[in-house]
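To start, the structure itself, in structure tokens.
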Amino acid sequence: MIEHSGGAQRDQPDAGAGSAYRRTDVLTQHAVEQFLYAEAQLLDEHRYVEWIELFADDVHYWAPTRMTRTHRERDREISDVHQSAYIDDDLQYLKGRVRRLTSGVAWSEEPPSRTRRLITNVRITPREDGELAVTSNFYVYRSRLERHEDWCVGERFDVLRPVDLDATGYPYVVADRRIVLEQTTLLMPSLSILL
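Residues 31 to 225 (the working numbering) are what the sequence shown spells out, left to right.
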């Protein structure tokens, strides 16, 4: 598990300008992107039982809150692991969310929202332990009932753990996920969908 401390600081891949990022080979880049796209498709198609299989037993799935800060205080813009969060789940909590969404009595999602997820700017940094630190941007659009629309956008910091493709059907499982939303105030009336 990644240690979360100091607000926005944690073991993050950073492939931005001026960073010393290690290149990954094109096959790994393609495999990671296809994994992330397949995950997005499972969620958009409401295939939650299959989606939950993409997570490691020790996963930490976390969406911290964001606060507006001055330029001097930007290191405190994102709450740390001991502060408030929109989501702070382990695998059992994620399975509970899936059970609720598939029960037919999750009233905030009955009838279910129509969603579309876009995953972009995938950057990969191989780690010494064989896992991959993956940063990506996302956009989630939600249409609900007849006229309601909302969206959220942000950045994800994932740790992907290679697994036996024959056992799972996928080359990786998500061992850690941090979801950083761009909004400081959640504009959705509820966070009833999975990010």
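Think of the CB as a built atom: it goes at the ideal place given N, C-alpha and C, for glycine as much as any other residue.
Rounded to the nearest whole angstrom, the CA to CA distance from Leu-195 to Asp-55 is 19 Å. If you draw a 10 Å sphere on the C-beta of Pro-192, you find fewer than 16 other C-beta atoms in it, and that means exposed.
Annotation: Tyr-169 to Ser-143 spans about 15 Å, alpha carbon to alpha carbon. Contact between Ile-154 and Val-62 is confirmed by a C-beta separation of about 6 Å, below the 8 Å threshold. Annotation for Ala-68: the continuous alpha helix (DSSP H) segment containing it runs 56-74.
In the structure shown, Glu-140 falls within a coil segment according to DSSP collapsed to helix, strand and coil. If you draw a straight line from the Cα of Leu-221 to the Cα of Thr-150, it comes to about 22 Å. Assignment of Ile-223 by DSSP, reduced to helix, strand and coil, places it in the coil class. With respect to Thr-165, Arg-186 sits close: the two C-beta atoms are nearer than 9 Å. In this structure, the alpha-carbon of Arg-129 lies about 21 Å from that of Arg-172. In summary, Asp-88 is exposed, with fewer than 16 beta-carbon neighbours lying within 10 Å of its beta-carbon over all protein chains present.
Just so you know, the alpha carbons of Gly-126 and Thr-100 end up roughly 38 Å apart. Between the alpha carbons of Glu-107 and Val-152 lies a distance of about 23 Å. Beta-bridge partners of Arg-153 (DSSP): Thr-165. Residues of the same chain with a CB within less than 7 Å of the CB of Leu-175, apart from the 5 flanking positions on each side, do not exist. When the beta-carbon positions are compared, Thr-145 and Tyr-116 stay at least 9 Å from each other.
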